[in-house]
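Working notes, beginning with the structure itself.
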Amino acid sequence: MSTSDAVTDTVRAQSEASSPMVKPIPGLEAHQLTKRFDSRGEQTVALQDVDLTIAQGAFVSIIGPSGCGKSTMLRIFADLMAPTDGVAMVKGRTPHQARRDREFAMVFQSPNLLPWKSVLRNVTLPLQIMKLPKEEREARAREMLALVGLDGFESRLPHQLSGGMQQRVAIARALSMHPGVLFMDEPFGALDEITRDRLNLELMDIWQRLSPTVLFITHSIGEAVYLSTQVVVMSPRPGRITATIDIDLPYPRTASVRDQPRFYELVGEVRAALNDGQGRA
Ligand code: ADP
């Protein structure tokens with residue numbers, strides 16, 4: 005199936021699922037999500053009454069200045085912390101259930117690879133923990149490493165790879181779990197611009213093939229616009245959503261999409277929304 009067919013099928017499935025007869029289960033939902041931190045008598049309202057619905061198969065970027073609650077929101081969805089108030093759901097389940105059911109995987113800014121294990125073993129390790137048979141975990145790992153362009157590097161150690169390659173291993177490790185939802189917290193934030201642009205293209209290609217729901221945190225407006233079906237803009241103190249911008253760039257999204265006038269218009273819209281919310285990415 006071609007990339008554009010796969011994307012069209014996903015969109016069709018979503019619109020069929022949204023017929024009045026069948027209520028679609030969103031990939032992610034937040035209702036009145038609030039998180040307050042108390043430290044040494046000082047209270048920080050990291051999130052205040054956040055409502056968000058993300059369709060299954062969507063790619064949503066969250067952008068906003070440091071401290072506006074982006075990571076806090078992602079950590080609540082990923083069952084790494086509990087909200088003070090409100091509800092977060094992952095494919096219709098609580099984050100805890102979703103974690104138990106292995107519905108999601110995460111990629112962070114740092115690849116977090118085990119330095120003494122080969123690339124292949126780093127990818128197969130979570131699958132071993134999931135108790136998958138050896139043959140299946142190796143097959144999945146090899147398939148995903150090939151998808152991120154690392155076939156031939158399976159027996160290398162992490163220190164023998166560049167930063168961009170290490171981050172590709174982290175992405176392959178997450179994808180090999182076949183997650184319905186992928187949480188990505190500034191995954192390319194530590195990379196140089198050229199590597200980042202290349203990984204953006206690769207991630208777009210992977211998403212168009214596999215269609216997971218993606219929640220992606222970034223400080224880069226261009227990255228957010230290029231990758232996303234929707235960009236959510238947040239402002240700090242208290243952290244809340246100030247704008248949601250649909251990204252109507254065509255598929256398949258190849259590198260040339262970034263040269264289109266519409267790309268620059270959308271970058272301008274996101275920048276204006278950030279400035280309106282008094283945030284600078
Ligand atoms: P972002 O990801 O947008 O940079 P965070 O979600 O990391 O923002 O943080 C939002 C706010 O919550 C910040 O003011 C931060 O200092 C505060 N915060 C985050 N985690 C904690 C914590 N564990 N204890 C106290 N304050 C925290």
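According to our numbering, the sequence shown is numbered sequentially starting from 5. Built from N, CA and C at the ideal position, the CB exists for glycine as well.
Practice prompt. Check whether the Cβ of V123 lies closer than 8 Å to any Cβ atom in chain D.
Written response: Of the chains in the structure shown, none is chain D; there is only one protein chain.
Practice prompt. If I'm right that V54 touches Q234 with Cβ under 8 Å, what's the distance once you round it to whole angstroms?
Written response: As a first step, residue 54 must be located in the sequence shown, where it is residue number 50. As a first step, residue 234 must be located in the sequence shown, where it is residue number 230. Contact between V54 and Q234 is absent: CB atoms are separated by about 15 Å, not below the 8 Å threshold.
Worksheet entry | Residues proximal to ligand 1 by C-beta, any heavy atom closer than 5 Å | Close to ligand 1, as judged by a C-beta nearer than 5 Å to any of its heavy atoms, are the residues F41, S43, T48, A50, S70, G71, C72, G73, K74, S75 and T76, in chain order.
Practice prompt. Express the C-alpha separation of D201 and L151 in angstroms, rounding to a whole number.
Written response: On the sequence shown, position 147 is the one that residue 151 refers to. On the sequence shown, position 197 is the one that residue 201 refers to. Going by C-alpha positions, L151 is about 17 Å away from D201.
Discussion item. DSSP three-state label for M85, please.
Written reply: Position 81 of the sequence shown holds residue 85. If DSSP states are grouped into helix, strand and coil, M85 belongs with coil.
Discussion item. Taking only three categories from DSSP, how would you classify S75?
Written reply: For the purposes of this step, residue 75 is identified with residue 71 of the sequence shown, where counting begins at 1. In the structure shown, S75 sits in a helix (DSSP, three-state: H, G or I).
Item to complete: Assign I175 to one of three DSSP states: helix, strand, or coil.
Response: Within the sequence shown, numbered from 1, the residue matching residue 175 stands at position 171. DSSP, read as helix, strand or coil, puts I175 in helix.
Fill in: CB-CB length for L195 against L207, believed under 8 Å
Counting from 1 along the sequence shown, the entry for residue 195 is found at position 191. Counting from 1 along the sequence shown, the entry for residue 207 is found at position 203. Not quite, the Cβ-Cβ distance comes to about 12 Å (not below 8 Å), so this is no contact.
Fill in: Pick from D155, S260 and V229 that is closest to M169, judged by C-alpha positions
Your numbering for residue 169 matches position 165 in the sequence shown. Minimum Cα-Cα distance from M169 among the listed residues D155, S260 and V229 corresponds to D155.
Discussion item. Helix, strand or coil for F63? Go by DSSP, reduced to three states.
Written reply: Here residue 63 refers to the residue found at position 59 when the sequence shown is read from its first residue. F63 falls in the strand class under three-state DSSP.
Worksheet item: Are P28 and P240 touching if we call contact CB-CB under 8 Å?
Response: Translated into positions along the sequence shown, residue 28 becomes position 24. Translated into positions along the sequence shown, residue 240 becomes position 236. No, they are not a contact pair.
Practice prompt. Kindly indicate the opening and closing residues of the beta strand (DSSP E) around V49.
Written response: Along the sequence shown, one-based indexing puts residue 49 at 45. Per DSSP, V49 belongs to the beta strand (DSSP E) from E46 to I58.
Worksheet entry | Whole-angstrom distance between A259 and H163, CA atom to CA atom | The residue labelled residue 163 in the question sits at position 159 within the sequence shown. The residue labelled residue 259 in the question sits at position 255 within the sequence shown. Rounded to whole angstroms, the gap between the alpha carbons of H163 and A259 is 30 Å.
Discussion item. With H, G and I counted as helix, E and B as strand and the rest as coil, what does DSSP make of K39?
Written reply: As a first step, residue 39 must be located in the sequence shown, where it is residue number 35. In the structure shown, K39 sits in a strand (DSSP, three-state: E or B).
Worksheet item: Do the region 82-99 and the region 30-42 touch if we need at least three Cβ pairs shorter than 8 Å?
Response: At 8 Å Cβ cutoff, the stretches touch.
Worksheet item: What residue from S159, D263, E227 and D189 has the CA that sits closest to L124's CA?
Response: Start at 1 with the first residue of the sequence shown, and residue 124 comes out as number 120. Here the closest residue by C-alpha is S159.
Item to complete: State the beta-bridge partners of S159 as determined by DSSP.
Response: Taking the sequence shown and counting its residues from 1, the one referred to as residue 159 is at position 155. The partner list for S159 (beta bridge, DSSP) is empty, contrary to what the question assumes.
Practice prompt. Look at the alpha carbon of W120 and the alpha carbon of G153, and state the distance between them as a whole number of angstroms.
Written response: To locate residue 120, count along the sequence shown from 1; it is residue 116. To locate residue 153, count along the sequence shown from 1; it is residue 149. W120 and G153: Cα-Cα distance of roughly 22 Å.
Fill in: Every unbroken alpha helix (DSSP H) inside the region 176-200 [4 residues or more]
Entirely contained in the region 176-200, not one alpha helix (DSSP H) run reaches 4 residues.
Item to complete: Could you have a look at I221 and say whether DSSP puts it in helix, strand or coil?
Response: Position 217 of the sequence shown, counting from 1, holds the residue named residue 221. I221 falls in the strand class under three-state DSSP.
Discussion item. Please report the straight-line C-alpha distance between L179 and E107, rounded to a whole angstrom.
Written reply: Within the sequence shown, numbered from 1, the residue matching residue 179 stands at position 175. Within the sequence shown, numbered from 1, the residue matching residue 107 stands at position 103. The alpha-carbon of L179 is positioned some 11 Å away from that of E107.
Worksheet item: What are the start and end residues of the beta strand (DSSP E) that includes M238?
Response: Your numbering for residue 238 matches position 234 in the sequence shown. First-last of the beta strand (DSSP E) with M238: Q234 to S239.
Worksheet item: Can you name the start and end residues of the alpha helix (DSSP H) that I245 belongs to?
Response: One-based indexing of the sequence shown puts residue 245 at position 241. Under the DSSP assignment, I245 falls outside any alpha helix (DSSP H), being part of the beta strand (DSSP E) whose first and last residues are R244 to D250.
Fill in: C-alpha gap between P191 and Q171, whole angstroms
Here residue 191 corresponds to residue number 187 of the sequence shown, with the count starting at 1. Here residue 171 corresponds to residue number 167 of the sequence shown, with the count starting at 1. If I take the Cα positions, the gap works out to 7 Å.
Worksheet item: In whole angstroms, what is the alpha-carbon distance linking E273 and D83?
Response: By 1-based counting over the sequence shown, the position of residue 273 is 269. By 1-based counting over the sequence shown, the position of residue 83 is 79. So the two alpha carbons sit approximately 32 Å from each other.
Fill in: Distance CB(I56)-CB(V236) smaller than 8 Å
By one-based count along the sequence shown, residue 56 stands at place 52. By one-based count along the sequence shown, residue 236 stands at place 232. The displayed chain sequence assigns Leu, not Ile, to residue 56. Yes, the Cβ-Cβ distance between L56 and V236 is below 8 Å.
Worksheet item: Where do the N-terminal and C-terminal ends of the alpha helix (DSSP H) with M148 fall, by residue?
Response: On the sequence shown, position 144 is the one that residue 148 refers to. M148 -> alpha helix (DSSP H) spans K138 to L151.
Practice prompt. Please name the residue, chosen from M110, D105, V49 and A109, that lies closest to D89 on a Cα-to-Cα basis.
Written response: Here residue 89 refers to the residue found at position 85 of the sequence shown. Nearest of M110, D105, V49 and A109 to D89, Cα basis: V49.
Worksheet item: R97 bridges to which residues according to DSSP?
Response: Working through the sequence shown from its first residue, we reach residue 97 at position 93. R97 is bridged to V94.
Worksheet item: Where does the unbroken alpha helix (DSSP H) through A277 begin, and where does it stop?
Response: Translated into positions along the sequence shown, residue 277 becomes position 273. Note, A277: alpha helix (DSSP H), P265 to D280.
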